[in-house]
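To start, the structure itself, in structure tokens.
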Ligand SMILES: Cc1cc2nc3c(=O)[nH]c(=O)nc-3n(C[C@H](O)[C@H](O)[C@H](O)COP(=O)(O)OP(=O)(O)OC[C@H]3O[C@@H](n4cnc5c(N)ncnc54)[C@H](O)[C@@H]3O)c2cc1C
């Protein structure tokens, strides 16, 4: 869904180059369009699943054994279901950085739901989510300061490509702060005051933590079936996506 924002920000950059005035209400419009699109897609997927004969049960699931899942439904009732095979696909959640004032920052979950587009954005992280939001907000006219640990963004990608991306980000007016991090956030009348480990002080409307995601396994009661995780909490799977327990499988961001 962030692609909707990427395309829109690029369009705005092009239009801004043509001296077309950008309305600040575009943020709400974009947000409405995104919500409508998600609802439309949800409807399509629900119909596809129903037509394929899938029974959908709303609620939070946890393991109760190698062949049993316990679901707490929205009304608080708890039901148990047994199955020959269980597939876990509970994804991951954004991680926050433990610094004073961390509650003032948002993660990518909230970044896609902002009603007002930020005029001054500070982003912590050098991965693709950080780079993507830097480009989106810069494209929509914000000043953007991007802080990351390494010399170049996009650790793990090809080094030549990383250098080209860094140059292009700077070329678009994004201020890069390699080998730097944020040490403190505080609320002021002007906005969020950001202090860095280099001694810089900035003021921003939005501070985004894009510092990685952790697998959603803590509340799954994996111990009930003896399912093993690695040190990050991700479910260990083999090349067929099977865990150490033959009846429990896992796919996607929840795996190692
Ligand atoms: C900002 C952003 C941009 C991205 N852009 C791209 C991109 O351009 N291309 C790309 O390939 N990937 C992208 N990704 C990554 C991609 O979104 C994930 O890799 C993918 O969604 C993982 O799918 P999943 O099914 O494992 O988990 P998810 O899509 O996270 O789905 C997990 C689901 O399980 C539910 N759940 C969790 N716990 C329970 C429970 N106990 N009981 C019941 N339900 C539960 C959650 O509510 C959620 O609905 C992006 C991610 C982010 C955050």
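In this note's numbering, the protein residues as written are 367 to 622.
Built from N, CA and C at the ideal position, the CB exists for glycine as well.
Closest Cα partner of residue i within the set the options
i: residue 534; options: 506, 518, 548 and 425; result: 518
i: residue 596; options: 585, 609 and 605; result: 609
i: residue 495; options: 605, 507, 472 and 508; result: 472
i: residue 600; options: 618, 612, 606 and 558; result: 618
i: residue 563; options: 547, 435 and 553; result: 547
i: residue 612; options: 452, 457, 565 and 462; result: 452
i: residue 396; options: 478, 551 and 578; result: 478
i: residue 433; options: 577, 614 and 605; result: 614
i: residue 566; options: 602, 531, 488 and 505; result: 488
i: residue 503; options: 521, 474, 551 and 552; result: 474
i: residue 523; options: 497, 419 and 575; result: 497
i: residue 606; options: 621, 404 and 592; result: 621
i: residue 520; options: 510, 577, 550 and 418; result: 577
i: residue 423; options: 447, 403 and 417; result: 447
i: residue 461; options: 604, 579 and 555; result: 579
i: residue 582; options: 459, 436 and 505; result: 459
Host alpha helix (DSSP H) of residue i (start-end)
i: residue 518; result: Element bounds for residue 518: n/a, residue is neither H nor E.
i: residue 533; result: 525-537
i: residue 504; result: 494-505
Range of the contiguous beta strand (DSSP E) that encloses residue i
i: residue 551; result: 548-554
i: residue 574; result: 572-575
i: residue 453; result: 452-454
i: residue 472; result: Careful: residue 472 lies outside any beta strand (DSSP E) and carries neither H nor E.
i: residue 488; result: 486-490
i: residue 558; result: 557-562
i: residue 606; result: Element bounds for residue 606: n/a, residue is neither H nor E.
i: residue 459; result: 458-460
i: residue 616; result: 614-616
Test: residue i CB closer than 7 Å to a CB of chain D
i: residue 402; result: Going by chain labels, chain D is absent from the structure shown, which holds only one protein chain.
Burial state of residue i (16 or more Cβ within 10 Å)
i: residue 528; result: buried
i: residue 589; result: exposed
i: residue 401; result: exposed
i: residue 501; result: buried
i: residue 409; result: exposed
i: residue 457; result: exposed
i: residue 455; result: exposed
i: residue 538; result: exposed
i: residue 492; result: buried
i: residue 592; result: exposed
i: residue 530; result: exposed
i: residue 532; result: buried
Touching or not, the segment 536-543 and the segment 511-525, by the rule of three or more beta carbon pairs under 8 Å?
The segment 536-543 makes contact with the segment 511-525, as at least three CB pairs between them are under 8 Å.
Would you be able to state if there are at least three C-beta pairs under 8 Å between the segment 568-575 and the segment 479-493?
Yes, the segment 479-493 touches the segment 568-575.
Given 8 Å as the limit, is there contact between the segment 575-593 and the segment 423-431, that is, 3 or more CB pairs closer than that?
Judged by Cβ distances under 8 Å, the segment 575-593 makes contact with the segment 423-431, as three or more pairs qualify.
Counting pairs of Cβ atoms below 8 Å between the segment 438-445 and the segment 454-473, do you hit three or more?
Inter-segment contact for the segment 438-445 and the segment 454-473 is absent: fewer than three beta-carbon pairs are separated by less than 8 Å.
My parser needs the beta strand (DSSP E) runs of 3 or more residues fully inside the segment 409-437; what are they?
DSSP runs (the beta strand (DSSP E)) wholly in the segment 409-437: 426-431.
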